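For the sequence shown, numbering that gives the first Met the number 0 gives the first residue as 0, with consecutive numbering after it.
All residues carry an ideal CB built from backbone N, CA and C; glycine is no exception.
None of the values given here were measured: they were computed from a predicted structure.
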Amino acid sequence: MYMSMQDVLEQIRSLLKKKKRGRISAISREIPQEVLKKQNSKQENEAQSSTGQRAQGQGSEARNSVGQKFGGQSIGVQSTEGHNAVASETVEQSPARQEQNTADQSAESNTAARSTGQNTETRSTGRNVESNTAAQSTGQNTVEQSAEGQNGIERAKDNMTEYRGGNVMRVIPVYNMMVLPHSYIYFQVQSFKNIAGQEIRQDDHVLLAVLKEDSFNTKDLRKEEFHSVAVEGSVTEISGDGYVVVRTGQRVKILELAQKEGEPLLLETAPLSDIEDLDREDSERKLKEIKAELKTLVDRFRAGSIMQTMIDQYGSIQEVACILSPWLSLKNEERYQVLKEDRLSVRTKMLEQILYEYVEVTKVTSDARNQQQEDYQKLYKEQALQKQIDYLQKELDEMHPEKVSDLRKLELKIEESGMNEIAKKEATKILNRLKNEGTNGQEAGMLYDYMDFVTGLSWKKEEQKSIDLDEAEKILSEDHFGLKKVKERMIQQIAVMNLKKQQSGSILLFVGAPGTGKTSIGKSIAKALGRKYVRVSLGGVRDEADIRGHRRTYLGAMPGRIMDGIHKAGVSNPVMVLDEVDKLSSSYNGDPAAALLEVLDPEQNNTFTDHYMNVPYDLSDVLFICTANTTDSIPAPLLNRMEVIQYQGYTPREKFEIGKRHLMKKALKNVGLQPENVELSDEALESIISDYTREGGVRGLKKRLDTLCRIAAVHLVRGKGEKITVGKEDLQEYLDMNPLHHRAVEEKGRAGVVTGLAWTAVGGEILFIETLATKGEGKLTITGQLGNVMKESAQIAISLVKSMFPEKASFFKENDLHIHVPDGATPKDGPSAGVTLTVALSSLVTGQAVCPQIAMTGEVSLEGKVNPIGGLPEKLMAAERAGVKTVLIPKANVDDLRDVPKEVKDKLEIRPVENVDEALEICGIEKGEEVSTENESE
Numbered sequence: 000m001y002m003s004m005q006d007v008l009e010q011i012r013s014l015l016k017k018k019k020r021g022r023i024s025a026i027s028r029e030i031p032q033e034v035l036k037k038q039n040s041k042q043e044n045e046a047q048s049s050t051g052q053r054a055q056g057q058g059s060e061a062r063n064s065v066g067q068k069f070g071g072q073s074i075g076v077q078s079t080e081g082h083n084a085v086a087s088e089t090v091e092q093s094p095a096r097q098e099q100n101t102a103d104q105s106a107e108s109n110t111a112a113r114s115t116g117q118n119t120e121t122r123s124t125g126r127n128v129e130s131n132t133a134a135q136s137t138g139q140n141t142v143e144q145s146a147e148g149q150n151g152i153e154r155a156k157d158n159m160t161e162y163r164g165g166n167v168m169r170v171i172p173v174y175n176m177m178v179l180p181h182s183y184i185y186f187q188v189q190s191f192k193n194i195a196g197q198e199i200r201q202d203d204h205v206l207l208a209v210l211k212e213d214s215f216n217t218k219d220l221r222k223e224e225f226h227s228v229a230v231e232g233s234v235t236e237i238s239g240d241g242y243v244v245v246r247t248g249q250r251v252k253i254l255e256l257a258q259k260e261g262e263p264l265l266l267e268t269a270p271l272s273d274i275e276d277l278d279r280e281d282s283e284r285k286l287k288e289i290k291a292e293l294k295t296l297v298d299r300f301r302a303g304s305i306m307q308t309m310i311d312q313y314g315s316i317q318e319v320a321c322i323l324s325p326w327l328s329l330k331n332e333e334r335y336q337v338l339k340e341d342r343l344s345v346r347t348k349m350l351e352q353i354l355y356e357y358v359e360v361t362k363v364t365s366d367a368r369n370q371q372q373e374d375y376q377k378l379y380k381e382q383a384l385q386k387q388i389d390y391l392q393k394e395l396d397e398m399h400p401e402k403v404s405d406l407r408k409l410e411l412k413i414e415e416s417g418m419n420e421i422a423k424k425e426a427t428k429i430l431n432r433l434k435n436e437g438t439n440g441q442e443a444g445m446l447y448d449y450m451d452f453v454t455g456l457s458w459k460k461e462e463q464k465s466i467d468l469d470e471a472e473k474i475l476s477e478d479h480f481g482l483k484k485v486k487e488r489m490i491q492q493i494a495v496m497n498l499k500k501q502q503s504g505s506i507l508l509f510v511g512a513p514g515t516g517k518t519s520i521g522k523s524i525a526k527a528l529g530r531k532y533v534r535v536s537l538g539g540v541r542d543e544a545d546i547r548g549h550r551r552t553y554l555g556a557m558p559g560r561i562m563d564g565i566h567k568a569g570v571s572n573p574v575m576v577l578d579e580v581d582k583l584s585s586s587y588n589g590d591p592a593a594a595l596l597e598v599l600d601p602e603q604n605n606t607f608t609d610h611y612m613n614v615p616y617d618l619s620d621v622l623f624i625c626t627a628n629t630t631d632s633i634p635a636p637l638l639n640r641m642e643v644i645q646y647q648g649y650t651p652r653e654k655f656e657i658g659k660r661h662l663m664k665k666a667l668k669n670v671g672l673q674p675e676n677v678e679l680s681d682e683a684l685e686s687i688i689s690d691y692t693r694e695g696g697v698r699g700l701k702k703r704l705d706t707l708c709r710i711a712a713v714h715l716v717r718g719k720g721e722k723i724t725v726g727k728e729d730l731q732e733y734l735d736m737n738p739l740h741h742r743a744v745e746e747k748g749r750a751g752v753v754t755g756l757a758w759t760a761v762g763g764e765i766l767f768i769e770t771l772a773t774k775g776e777g778k779l780t781i782t783g784q785l786g787n788v789m790k791e792s793a794q795i796a797i798s799l800v801k802s803m804f805p806e807k808a809s810f811f812k813e814n815d816l817h818i819h820v821p822d823g824a825t826p827k828d829g830p831s832a833g834v835t836l837t838v839a840l841s842s843l844v845t846g847q848a849v850c851p852q853i854a855m856t857g858e859v860s861l862e863g864k865v866n867p868i869g870g871l872p873e874k875l876m877a878a879e880r881a882g883v884k885t886v887l888i889p890k891a892n893v894d895d896l897r898d899v900p901k902e903v904k905d906k907l908e909i910r911p912v913e914n915v916d917e918a919l920e921i922c923g924i925e926k927g928e929e930v931s932t933e934n935e936s937e
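In C-alpha cells:
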C-alpha cells in the first residue's frame, strides 16, 4: 500500500505544480453551488410544512432504510457492486462560502425549530454546523434536531443519480497508516481498488477507518473491526502514474457500520471537532522548526534541493506526519492514538516528538549507511586490486614457471587442495607467518615442513566408481587360495559401495596364525577396490604420539603414523593395513591402543585431529584392515570397534595348492629363474609340507622353496646344467636339515596316558596328558609349565574321579599323584584339557588303557558336563596330521564344524559328547571294574 520515497516525491512535485495552476479544489467544489442553493430552498419549504412528530418518525424510518440528508443525520447505503447508492457526505468549503452556508443553515434550522415548537436535539454527521442560533431563540436548554422525511430521502437519491461523481461514499480500511485530518494521503491505484472493493472515481467521498487488526473482507465489514474514530476525505486526483491522492477533512465518530455480501452498506457517523487550544503563532513556529530539521536531513541525500522545495509547501505538522507515514517506526495503535486525540496542542506535541525522533533515527541510520558504504567501497577496491594482482601474477607464473617461489607454490596448493574451512584458515595463518619470518627465520624450516605436509594431503573426496563383483572376486583369487570368509566379506563391501554410490570405510580385524595371508590379502583387496594400498606396522609401538603425532611445540615434531600413511598414499580413501595391533604396548608416554579408539571408530574418525596438523581430517572413507595373531592382548574397547574375521590354519592340501600355484612362482621370480629351470615333484612338495614345516600358515613352506631355488641358481651359474630336479629323497641334502619331529600317536596305549588337543599361535597341536601314581600320602604334583586355569582343571578332574569311583578313596590317600604335560619348556594354559585330564586320571585309577588314536578336547565342570571350547578347526587339523582317528568334542561345538575343511572331517570320526560318562564309555573305561595297570591296549 505504501509508496517509496521517490514515488512520494514525484507525486508531491506533481501536486504542487497543479496547485499553482489552480487544479486542486477544496471539497466544497465537489457539489456545485447551484445544487446547494436549490437544496437549501427545498429544505426550508419542507421544514415549514412538517411537524416535529412526523419529522422524528420519518427520520427514524430514514435511518432504517436507504436515505440520508446532506446536513443532518448520516445513514449511508452502498451496494457491493458500486451502483446507485446513497452516501453520507460532508462539504468542506472555502472560508467565504463556509460562512455563507453556515448562515443559511442556521437560518434554516431556526425556522424549523420555531415551526415544531418542541425541544429537539440536533445530530449532525459530516461537516454540519450546530444550530446554536435556533437554541438561543427558544430560550430553553435544548439541542434542536434536524430530521429528514421521506421526501428528503428521495431528494438524496435524485442528487446521487444526478451527481454520481461527487456523492459516492466509500469505506477505506487502513492499517498502520498515519491518518490525520486536513492532510494529503497517497495510495497506489491497485492497492486502493483492492481495499475499496470496487472501481474508484475522482471526487468520490471516502471514509478512512482504522482497522484494529491487519485483516478484513471488503464484502463483509463490521463496526467491531474498526476503531471508533475515523477521518472523512475526498479523492482529489487519480494520476496517470498509478497513484491516488486523498484530501482528508475532519474527524468523525463511527456510530454504525455494517455491510454483508449482497446487501447495501449501512453507515452512520457523527462529527468530532478539534479543541483549538494551540496558539497560531506557536503552531507556525513549531512547523518552521520541523521544516528546518527536515531540510537539514535531506541535505544528506542527492535530491536534497528538490526535497527542500517540497518541504516548504507543507502547511501543517499533520500534513508532514502523513507524508512521512511509511517511514515512521510506529505501531498501528500508536498511530491511532494520535488521531484519537482531540486537543490540537497535545496532538501537535505527539507529532512533534514522533517527527524529531524520526529525524534523529534517520540521521544515525544515514551515518551508519554511509560508513558502511565507505567500508564496502574500500573493500571492493581492495578486492579489485587483488584480483588484478592475482591475474598478473598468474600470467607471470605461466610465462616463467621456473621462477615461481616456494611460497607462491604453497599458496596455490592451498587454493587448489579443497581443504575444509578450519584447515584452510590454519594453513593460511602459517603461510603468513612464514612470509613474515622469511626464509632465514628461526622457525622457517619447521613452518615450511608443516605447510609442505598439509598441502601434500588429499583433502578432496574421491569419486566412487562402479566395481564389477566378478572381476573383484577374480582379483582376490589370483594371489590367495582359500580364505573364503575374507573374500565373501570384501564382495559384500563392494556391493554396498555400488548401491550407495559413495565411498565406504570399514574396520576389519584378521586374526590367525602367522603366514596365513592376513597382511598380503590387503594388497589384493586394494587392487580389487581400485584403491591405493598403505601399510602401517604397529608392532612394538608404545608412544601415543606415534598414532596422534607430536605437537609442533616440540623440536623434531612429526605427524602420526596414520596421517603419514595417508600422505604417502596421496588419496583420502586408501586401504590401510594396521599390522600387528595385538603387539601394541603402553608406557609413561601414553597408551597407543587408546589413541586408536578414535581412528577406528566410524562415528568419530570423520574429524580425526592429528596433534601435528592441529586440524580435523576425514578418515571415514579409509578401509582399515588390522591384523593380529590373537585377540587376547587387544583391549576390549578397541576390539569392540572392529569386525573380527578368524583365519583358520591351512590344511596340507591347501598348502600344497598354495605352494604349487603361488609360492613356487614367486620363489623362481625372486632368484631370476624360469619354471623350466627347476622341477619339483609332487611327492617332494608334500614331504616339505609334512616333514620340514610345522605351522598353520605357509611362511615356513615359502622359506624351504626359496632355499631350493637358490640352490638351483648356483647349479645353473656354475654350468652344471640348466635344470635341476628335486625329489623327495633329495630334500634332506638340498635343505641341509633333518625332518622335523612331529608328535605322533603311538601304536599302543598305557593306563594313565591320554591324547589331548591344544591350540597355539601357529596352529593346532596334539599333546599327551601323563599321570602317575606312587606310594605316598596323597600329594599332588603338576609339571609342564601349566597355567593357573589348567591347574584348576586338574583339581576339578581329581574331584570328579573321586566322585565317580568312591571305592578308590583309599587309592588317593595311599598314593601321590603326578600330572605332567610334555614339552616342559612350552607354557600351556586353558580350560580345554579338562576332559582329557579326567579321562587320564580315570584310566590311572581303574588301570584301563585308552587307545592313543582317540583324542579329545573340552572343558569340564564339577557336574561332569563337557563345556564348549575354541580353536576347534586348528585342533582337528592337528589331530588329522598326527594320525588320530577319533576325536571327542563338546556337543555345543557341533556348529563350529562348518568351519572345518571337508577333507579333514572326512578323515576323522568326530563324536560329540555332553558329559564325562559318555567320554569314558567311548574310551572303554567301565566303572567298578579293576584291571592291572600293566595291561596294555592297542
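If you draw a straight line from the Cα of Met876 to the Cα of Asp681, it comes to about 21 Å. In the DSSP annotation of this structure, the continuous segment of the alpha helix (DSSP H) that includes Arg703 starts and ends at Arg698 to Val716. In this structure the region 560-570 lies against the region 531-548, because at least three pairs of beta carbons, one per stretch, are closer than 8 Å. Within a 10 Å sphere around the beta-carbon of Pro805 sit fewer than 16 other beta-carbons, which makes this residue exposed. Ranked by Cα distance from Arg284, the first of Val244, Ile253, Asn892 and Glu351 is Glu351.
When the five nearest sequence neighbours on each side are left out, the beta carbons in the same chain lying within less than 8 Å of the beta carbon of Lys801 are those of Lys807, Ala808 and Phe811, in order along the chain.
Leu861 is the residue among Gln189, Leu861, Thr825 and Lys380 whose C-alpha sits nearest the C-alpha of Thr837. The C-alpha of Gly763 lies about 16 Å from the C-alpha of Thr885. If you keep only unbroken alpha helix (DSSP H) runs of at least 4 residues inside the region 482-568, you get 483-499, 519-528, 544-547 and 560-568. Collapsing the DSSP output to three states places Thr650 in coil.
Taken through DSSP and simplified to helix, strand or coil, Ser365 comes out as helix. When the Cα atoms are used, Leu409 and Met496 turn out to be separated by approximately 35 Å. Counting the other CB atoms within 10 Å of its CB gives Ile421 a total below 16, which places it among the exposed residues. For Gly833, the enclosing alpha helix (DSSP H) covers residues Gly833 to Thr845.
DSSP places Tyr379 in the helix class (H, G or I) of the three-state scheme.
Just measuring C-alpha positions, the residue of Val912, Asp905 and Glu776 sitting nearest Thr835 is Val912.
Distances from the alpha-carbon of Asp705 to those of His661, Pro738, Glu908 and Arg742 put His661 closest.
Remark: C-beta atoms of Asp213 and Val234 do not approach each other more closely than 8 Å. Taking the Cβ atoms as the reference, Ile888 lies roughly 6 Å from Thr856, within the contact range of under 8 Å. Within a 10 Å sphere around the beta-carbon of Asp298 sit fewer than 16 other beta-carbons, which makes this residue exposed. Within the same chain, and ignoring the five residues on either side of Thr754 in sequence, the residues whose Cβ sits closer than 7 Å to its Cβ are Val744, Ile765, Phe767, Pro851, Ile853, Ala854 and Val883. Taking every protein chain shown into account, the CB of Arg279 has fewer than 16 other CB atoms within 10 angstroms, so this residue is exposed.
Scanning Ile184, Val245 and Ile171 for the CA closest to the CA of Arg221 turns up Ile171. Pro738 sits exposed, since fewer than 16 C-beta atoms from the chains shown fall within 10 Å of its C-beta. Rounded to whole angstroms, the gap between the alpha carbons of Leu411 and Trp458 is 14 Å.
In summary, Ala796 is buried, with 16 or more beta-carbon neighbours lying within 10 Å of its beta-carbon over all protein chains present. Spanning the alpha carbons of Ala627 and Ser842 requires a straight line of approximately 40 Å. DSSP lists His204 and Arg246 as the beta-bridge partner residues of Ser233.
Around Glu543, the same chain offers Asn588, Gly589, Asp590, Pro591, Ala593 and Ala594 as residues with beta carbons nearer than 8 Å, after the five sequence neighbours per side are excluded. Gln673 and Ile723 have their C-alpha atoms some 11 Å from each other. Contact annotation, Ile624 with Val580: C-beta distance approximately 10 Å; criterion of less than 8 Å not satisfied. Per the C-alpha coordinates, the member of Ser365, Asp478, Ala269 and Arg749 positioned closest to Lys664 is Asp478. Membership of Arg169 in the beta strand (DSSP E) is indicated by the continuous run Met168 to Val173. If you compare the alpha carbons of Ala426, Ala712, Arg301 and Val228 with that of Glu332, the shortest gap goes to Val228. Counting along the chain, Tyr733 sits inside the alpha helix (DSSP H) bounded by residues Leu730 to Leu734. Residue pairing by DSSP places Val228 opposite Lys252 in a beta bridge.
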